[in-house]
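Data first, discussion second: the structure below is written as structure tokens.
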Amino acid sequence: RNYVNGNLFRSVLGNITSSEEGLPKENLDSYLVRGYNRNDRVGKSYIEQRYEDVLHGTKEEVKNITDKSGNIINTEIISKGKSGSSLTLTIDMELQKKVEESIEKNLRAFKSSEPLLDRAFVVMTNPNNGQILSMAGKKIVEKEGKIEIEDLALGNMTTSYELGSAVKGATVLTGYETGAIQPGDQFYDAPMKFKGTQAKKSWNVSGFGNINDLRALQVSSNVYMFQTALKIAGVNYVPNGSLDIKQEAFDKMRYYFKQFGLGVPTGIDLPNEIIGQTRKVDSQPGFLLDFSIGQYDTYTPLQLAQYISTIANGGYRMQPQIVQEIREQSIKEEEVGKVIRSIEPVVLNRVDMKKEHIDRIKEGFRWVFQEGDGTGVKYFKNAPYKPAGKTGTAQTVYGGDDPIGRNAKGERMECYNLTLVGYAPYDNPEVAFSVVVPWLHDDKNGINSIIGKEILDVYFDLKKQRIHGEAASTDSSNQR
Numbered sequence: 002r003n004y005v006n007g008n009l010f011r012s013v014l015g016n017i018t019s020s021e022e023g024l025p026k027e028n029l030d031s032y033l034v035r036g037y038n039r040n041d042r043v044g045k046s047y048i049e050q051r052y053e054d055v056l057h058g059t060k061e062e063v064k065n066i067t068d069k070s071g072n073i074i075n076t077e078i079i080s081k082g083k084s085g086s087s088l089t090l091t092i093d094m095e096l097q098k099k100v101e102e103s104i105e106k107n108l109r110a111f112k113s114s115e116p117l118l119d120r121a122f123v124v125m126t127n128p129n130n131g132q133i134l135s136m137a138g139k140k141i142v143e144k145e146g147k148i149e150i151e152d153l154a155l156g157n158m159t160t161s162y163e164l165g166s167a168v169k170g171a172t173v174l175t176g177y178e179t180g181a182i183q184p185g186d187q188f189y190d191a192p193m194k195f196k197g198t199q200a201k202k203s204w205n206v207s208g209f210g211n212i213n214d215l216r217a218l219q220v221s222s223n224v225y226m227f228q229t230a231l232k233i234a235g236v237n238y239v240p241n242g243s244l245d246i247k248q249e250a251f252d253k254m255r256y257y258f259k260q261f262g263l264g265v266p267t268g269i270d271l272p273n274e275i276i277g278q279t280r281k282v283d284s285q286p287g288f289l290l291d292f293s294i295g296q297y298d299t300y301t302p303l304q305l306a307q308y309i310s311t312i313a314n315g316g317y318r319m320q321p322q323i324v325q326e327i328r329e330q331s332i333k334e335e336e337v338g339k340v341i342r343s344i345e346p347v348v349l350n351r352v353d354m355k356k357e358h359i360d361r362i363k364e365g366f367r368w369v370f371q372e373g374d375g376t377g378v379k380y381f382k383n384a385p386y387k388p389a390g391k392t393g394t395a396q397t398v399y400g401g402d403d404p405i406g407r408n409a410k411g412e413r414m415e416c417y418n419l420t421l422v423g424y425a426p427y428d429n430p431e432v433a434f435s436v437v438v439p440w441l442h443d444d445k446n447g448i449n450s451i452i453g454k455e456i457l458d459v460y461f462d463l464k465k466q467r468i469h470g471e472a473a474s475t476d477s478s479n480q481r
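In the working numbering, the protein residues as written are 2 to 481.
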């Protein structure tokens, strides 16, 4: 293989077997019936594995003519071999490089004040066709007292986390579609008290008073989501009362969340994707309230990107795509071969929700980044590319392997996951993104928003440069 961008995005490209390894034992028969030899080198992970049939090509078949002594006296070509095809990826390698640099820079900057911090993820997509423009992840590894940064791009689809308030758009939309709430409905945001549990409240401990749905998204009200979840469950809030929430309420909320890609396969054209953790409903009915603010089930950063892309484009869940085109192998290295097949966009489903309801959420997300005391205003207000989105904080426990993440009793320490979703421009989205930074002590350090702002700045800076002819093509090929 010729990987024209070196180690950039390398882990997602995958690997091929050595001639000593040959065909994988678990798929031996499948390869043999297709004409492979036992010592052939084949793709064994990710893009190399998924597109092995395209990249492999065919061997030349010859017939050897021998004399009576077995010496070859002539060779006839029965069929000529054919080089494997090459792939053009959807990844914008210039953007990918800048995104990776942003993640690495911020991991290093925050590590000294955040001992549990060891990873961060970014996915950027075109929400209108599902093409992945950047998929980056980095992990801190300490070796001999020195910090090294390793690639963890695959963690966007192979690891999952509680993603917090970033998913509140799905909660409000579920409320609309079930008839539990209507656009404009108000609840009084103040601490809620239930029998046998601690008070459930918003991050602003004293509450926000009377707020509607847009205001709830703008300031990230937990109480509004709790009240919405109770209405979905058919339960009225009674101070100091007990909760009786049935399994059906979880099923109903998960039904709508799944339409955005939360809790189901995204459909990405790569193997080994996980769908996150769908936790069991037990004797703690309050878990439905936790679910409503993104602190119960877990999702991958890629699922989070699909969710925000679905909202950005008006309700179409697009299949994420890594490969854009399959091309013939070029004769000259500096040229690209003829297009054999273009990978067309695939709509997995249209969410079962009214367009005006999705537009209402999009207006709420605009408030988050652009209006008043929105939780993203500090970083995004007046950005020329007009972004909208939703911040997220999940109160959770450390999920890594480092012993410093446990207390003296061996219990996992409490921490926060910081997340961010968004798109731009808000009135005609061309790019959507998710940022996930797990396991932080300080829930207000802003690392999620800092990374989010940097990657959007880079995207639109590159766009401007290309319009003026100052940058190279965005395409990148994986060629044999």
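We put the beta carbon where it would ideally sit given N, CA and C, even for glycine.
| Asked | Found |
| --- | --- |
| Which residues does DSSP list as the beta-bridge partners of Val142? | Glu149 |
| So, do the stretch 366-382 and the stretch 398-407 have three or more beta carbon pairs nearer to each other than 8 angstroms? | no |
| Leaving out the 5 sequence neighbours to the left and right, which residues in its chain are closer than 7 angstroms to Thr267 when beta-carbon positions are compared? | Glu274, Leu303, Gln304, Gln307 and Pro321 |
| Can you give the beta carbon distance from Asp242 to Asn418, rounded, assuming they're within the 8 angstroms contact cut? | Correcting the residue type first, residue 242 is Gly in the shown sequence and not Asp. Rounded, the Cβ-Cβ distance is 31 angstroms, inconsistent with contact. |
| Hey, is the stretch 354-362 in contact with the stretch 178-185, meaning 3+ C-beta pairs nearer than 8 angstroms? | yes |
| Can you give, in chain order, each stretch of the beta strand (DSSP E) that sits fully within the stretch 158-240 and has at least 3 residues? | 188-190 and 210-212 |
| In terms of alpha-carbon separation, which member of Lys112, Lys454 and Ala171 lies closest to Lys147? | Lys112 |
| Looking at the structure shown, is Pro404 part of a helix, part of a strand, or coil, going by DSSP? | helix |
| Quick check on Pro439: buried or exposed, where buried means 16 or more other Cβ atoms within 10 Å of its Cβ? | buried |
| Would the beta-carbon of Ala121 fall within 8 angstroms of that of Val422? | no |
| Quick one: grab the DSSP three-state call for Phe28. | It is worth fixing the name first, because residue 28 is Asn in this sequence and not Phe. Three-state DSSP puts Asn28 in a helix. |
| Taking the C-alpha atoms as reference points, what is the distance between Ile362 and Leu56? | 43 angstroms |
| Hey, Tyr386 and Pro426: beta-carbon distance below 8 angstroms or not? | yes |
| Taking just the CA atoms, how far does Gln97 sit from Met158? | 17 angstroms |
| Assuming Thr1 and Ser293 make a contact with CB atoms under 8 angstroms, what is their CB distance in whole Å? | Absent from the model: residue 1. The displayed extent of the chain is 2 to 481, so no value can be given. |
| Roughly how many angstroms lie between the CA atoms of Ser222 and Leu88, to the nearest whole one? | 45 angstroms |
| Can you check which of these residues, Val265, Leu244 and Ser343, is closest to Gln285 by C-alpha distance? | Leu244 |
| For Gln199, is the classification buried or exposed, using 16 other Cβ atoms within 10 angstroms of its Cβ as the cut-off for buried? | exposed |
| So what's Tyr37 in DSSP terms, helix, strand or just coil? | coil |
| Pull up the CB-CB distance for Gly406 and Leu117, whole angstroms please, since I reckon it's below 8 angstroms. | 6 angstroms |
| Check this for me: beta carbons of Val434 and Met125, under 8 angstroms apart or not? | In the sequence as presented, Val is not what sits at residue 434; that position holds Phe. Cβ distance < 8 angstroms, so Phe434 and Met125 count as in contact. |
| At what residues does the beta strand (DSSP E) containing Phe120 begin and finish? | The sequence given here places Arg at residue 120; Phe does not occur at that position. Taken as a continuous stretch (DSSP letters only), the beta strand (DSSP E) holding Arg120 covers Arg120 to Thr126. |
| For Asn127, count neighbouring Cβ atoms within 10 angstroms of its own Cβ and tell me buried if that reaches 16, exposed if not. | buried |
| Determine the extent of the beta strand (DSSP E) in which Glu326 is found, giving its start and end residues. | Val324 to Arg328 |
| Can you grab the Cα-Cα spacing for the pair Gln260 / Thr175, in whole Å? | 10 angstroms |
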